[in-house]
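Residue numbers (the numbering used here), protein chains in the order written: chain V, 1 to 342; chain U, 1001 to 1342.
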DNA sequence: TTGTACGCGTTATCAC
DNA sequence: GTGATAACGCGTACAA
């Protein structure tokens, strides 16, 4: 593999001159430039970015660490990230932790060894270890999709609480009085916020019993399981709130198996929309998060840190994006309304 | 940022000894090891993988270049790739070319500069330029999901022709006699193979007119457009074959808009399944590709090249995986069958 | 078991 | 406008 020195020899110049031509840094006479360019073409020189990084201390690479690459919500974020990263001439490393803290730690360690310029992280749990590591090394970190207890990093997330509140208010306005919340693990802020927002909406209505809250994982299996438990409770809920898209899918599967009709027998609302590209016939009423935009904004925040515009001394920012209420069939008509005449 | 030398000084040893401790290469007395490990912990040393790569000429990084990150088929491949890559302690760079040759070239150039250990490529077009570049540099390349004209690289793909043939045979057996194929661009082997396979199935039946073939892009918009054109043809087809998942979704949207019922008025079959995770109620009859497995097999092929087991001199391999026919509602019942009594 | 010398490919600094 | 020198952080080859 030819090096810059070999190009230099062939062109009869020094290595640094070749470097100047390649990077367009510093003055080079047009004659020399031509000779160098020809030499490059002749021997097929490809600059070595590894060596360059060793000197420059920049890799022009950032990493995105998500909890679940199969979830379209995260792949949509990834898409937004990729677009933004590519625009600024960098490359993107993607890691999937499978919601496991240990994997998250392993990945962050590897990424820091590789000296990536920055990390976008969807923490599996609290993310404390990762945040600490990054800070020690001075590598910018943006936490995506999860609220942070302390202020330890920039954050980009959607307003889970407000979105859940809207869904709750919708169901209340449709006349539901017994509802259940199916959400994710304890201590995951996203899971808590959504439960809290929904409960608040119910509490705001007079004389409604607070919804029962089921805790599981953000998975289809867990959604299915929680739905079955919720429906066997007394009194049986007339509406279910699934705190993310996978839980919602699990719920729909469970109801289908139980021959419970949606929305006729039970209304269902969820968090996270499915990308329109993937859904043939949208059905589910949801609070949609702006996933693509979240990806882009995360990169923007990271790049701002990198360009030093906001040095490491600057206070951390939290960008909270609004969700959008999308009402579809699964939430049903007002309870007690007359049956439509056929 | 502390270096290996600083660790060495603090521990009162030489740099190479620290290296031996960190990489567990070469003998180190347990006393010295303890001293070194303590020094590492105290000053928070994080090995520099960039410098290591410069020496070792390996980056332990591979890249996946796809045409469309929003397509669940490719994200499923990516998921399989990620799992396999992670298992072998490497990291994964992901690039999305948006089906543009120029982007593909740009990405490949950047990746080769970064000295990635290998590249998995879903070519936007023929992929000739990328293949040539990689070969010149001696970087292993595996082409994914596309057949190659010449033998210039390892290939992992599904059997598009056989899958399309099965779909065609199904429709023929259901009694359809006028059908249309909605496929991707000319010169993309995948698009051609699927059209050819389907046509062959029709030709195998006696006295059927060959299906009309529409050419567009592998996008929802294109699918919608082609569906409208196909349905306004005379004689009007009773069945449509969409050559990938996005085209199929576009078709379903178009038919919905035109108030054409599926499968009552027109039967629809497609290529590529949607991951079960994303679909609430599966509806479409498809030839499903083993996307996840394709991702894994691609990595396996790449790693085989890397480990030298199959040196660069070895002949290129082509792995062709079978598709699976999944019959659902969209393909309908046999034509002319009595209406089901309610 | 431990250490010395050198090179990996590039670029910043300073000199001409 | 061009070049010599050194340094980035690490690991191989060899010596002690």
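Positions of the beta carbon are idealized from the N, C-alpha and C atoms, including for glycine.
Could you say which of the options lies nearest to residue i if we only look at CA atoms?
{"i": "residue 1247/U", "options": "277/V, 3/V, 220/V and 231/V", "result": "277/V"}
{"i": "residue 1001/U", "options": "91/V, 134/V, 38/V and 26/V", "result": "134/V"}
{"i": "residue 236/V", "options": "217/V, 265/V and 143/V", "result": "265/V"}
{"i": "residue 1163/U", "options": "1144/U, 1223/U and 1269/U", "result": "1269/U"}
{"i": "residue 290/V", "options": "124/V, 59/V, 45/V and 79/V", "result": "79/V"}
{"i": "residue 51/V", "options": "68/V, 21/V, 89/V and 3/V", "result": "3/V"}
{"i": "residue 212/V", "options": "97/V, 220/V, 203/V and 47/V", "result": "203/V"}
{"i": "residue 1304/U", "options": "1199/U, 1117/U and 1110/U", "result": "1117/U"}
{"i": "residue 167/V", "options": "157/V, 154/V and 181/V", "result": "181/V"}
{"i": "residue 1128/U", "options": "1280/U, 1102/U and 1115/U", "result": "1102/U"}
{"i": "residue 232/V", "options": "255/V, 250/V and 137/V", "result": "255/V"}
{"i": "residue 1131/U", "options": "1177/U, 1319/U, 1217/U and 1104/U", "result": "1104/U"}
{"i": "residue 329/V", "options": "161/V, 151/V and 282/V", "result": "282/V"}
{"i": "residue 1292/U", "options": "1151/U, 1109/U, 1273/U and 1009/U", "result": "1273/U"}
{"i": "residue 193/V", "options": "220/V, 243/V and 155/V", "result": "243/V"}
{"i": "residue 88/V", "options": "323/V, 299/V, 174/V and 285/V", "result": "299/V"}
{"i": "residue 1263/U", "options": "1239/U, 1197/U, 1336/U and 1044/U", "result": "1239/U"}
{"i": "residue 1032/U", "options": "1044/U, 1016/U, 1158/U and 1043/U", "result": "1016/U"}
{"i": "residue 201/V", "options": "218/V, 241/V, 227/V and 187/V", "result": "241/V"}
{"i": "residue 1074/U", "options": "1059/U, 1095/U, 1056/U and 1191/U", "result": "1095/U"}
{"i": "residue 261/V", "options": "142/V, 99/V and 332/V", "result": "332/V"}
{"i": "residue 173/V", "options": "206/V, 284/V and 25/V", "result": "206/V"}
{"i": "residue 143/V", "options": "108/V, 165/V, 271/V and 29/V", "result": "108/V"}
Does any residue of chain U bring its CB to less than 8 angstroms from the CB of residue i?
{"i": "residue 296/V", "result": "no"}
{"i": "residue 53/V", "result": "yes"}
{"i": "residue 113/V", "result": "yes"}
{"i": "residue 30/V", "result": "no"}
{"i": "residue 40/V", "result": "no"}
{"i": "residue 322/V", "result": "no"}
{"i": "residue 92/V", "result": "yes"}
{"i": "residue 223/V", "result": "no"}
{"i": "residue 44/V", "result": "yes"}
{"i": "residue 110/V", "result": "yes"}
Any beta-carbon of chain V closer than 8 angstroms to the one on residue i?
{"i": "residue 1137/U", "result": "yes"}
{"i": "residue 1342/U", "result": "In this prediction, residue 1342/U has a pLDDT of 45, which is less than 50 and means its spatial position is unreliable; what the coordinates show is noted afterwards. Output row for residue 1342/U: interface = no."}
{"i": "residue 1004/U", "result": "no"}
{"i": "residue 1334/U", "result": "no"}
{"i": "residue 1124/U", "result": "no"}
{"i": "residue 1162/U", "result": "no"}
{"i": "residue 1048/U", "result": "yes"}
{"i": "residue 1001/U", "result": "yes"}
{"i": "residue 1096/U", "result": "yes"}
{"i": "residue 1059/U", "result": "yes"}
{"i": "residue 1328/U", "result": "no"}
{"i": "residue 1220/U", "result": "yes"}
{"i": "residue 1070/U", "result": "yes"}
Do residue i and residue j have their C-beta atoms within less than 8 angstroms of each other?
{"i": "residue 93/V", "j": "residue 67/V", "result": "no"}
{"i": "residue 147/V", "j": "residue 122/V", "result": "no"}
{"i": "residue 1007/U", "j": "residue 1040/U", "result": "yes"}
{"i": "residue 1112/U", "j": "residue 1139/U", "result": "yes"}
{"i": "residue 76/V", "j": "residue 334/V", "result": "no"}
{"i": "residue 82/V", "j": "residue 1069/U", "result": "yes"}
{"i": "residue 1085/U", "j": "residue 1119/U", "result": "no"}
{"i": "residue 1199/U", "j": "residue 1189/U", "result": "no"}
{"i": "residue 1314/U", "j": "residue 1301/U", "result": "no"}
{"i": "residue 251/V", "j": "residue 223/V", "result": "yes"}
{"i": "residue 322/V", "j": "residue 154/V", "result": "no"}
{"i": "residue 20/V", "j": "residue 43/V", "result": "no"}
{"i": "residue 1185/U", "j": "residue 72/V", "result": "no"}
{"i": "residue 115/V", "j": "residue 1049/U", "result": "yes"}
So does residue i have its beta carbon nearer than 7 angstroms to some heavy atom of the ligand MG?
{"i": "residue 264/V", "result": "Inclusion of the ligand MG in the displayed structure is not the case, the ligand content being empty and no account of it being possible."}
Anything in the stretch 75-86 of chain V with a Cβ closer than 9 angstroms to a Cβ of chain U? List those residues in chain order, please.
So the close ones are 75, 76, 78, 79, 82, 83 and 86.
What residue ranges within the stretch 1273-1308 of chain U form continuous alpha helix (DSSP H) runs of no fewer than 4 residues, ordered along the chain?
1291-1306
For the stretch 1232-1259 of chain U, which residues have a beta carbon sitting closer than 9 angstroms to at least one beta carbon of chain V?
Flagged, chain order: 1245, 1246, 1248, 1249, 1252, 1253 and 1256.
Kindly provide the ranges of any beta strand (DSSP E) runs that are 3 or more residues long and lie completely inside the stretch 64-124 of chain V, ordered along the chain.
91-96 and 118-121
Report the start-end ranges of each alpha helix (DSSP H) in the stretch 188-222 of chain V that is 4 residues or longer and not cut off at the edges.
189-204
Against chain V: residues of the stretch 1261-1290 of chain U by CB proximity under 9 angstroms:
1274, 1275, 1276, 1277, 1278, 1279, 1280, 1281, 1283 and 1284
For the stretch 141-175 of chain V, which segments carrying the beta strand (DSSP E) assignment without a break, of at least 3 residues, lie completely within its bounds, in sequence order?
141-144 and 154-158
Return the residues of the stretch 1015-1026 of chain U that lie within a Cβ-Cβ distance of less than 8 angstroms from chain V, sorted by chain order.
none
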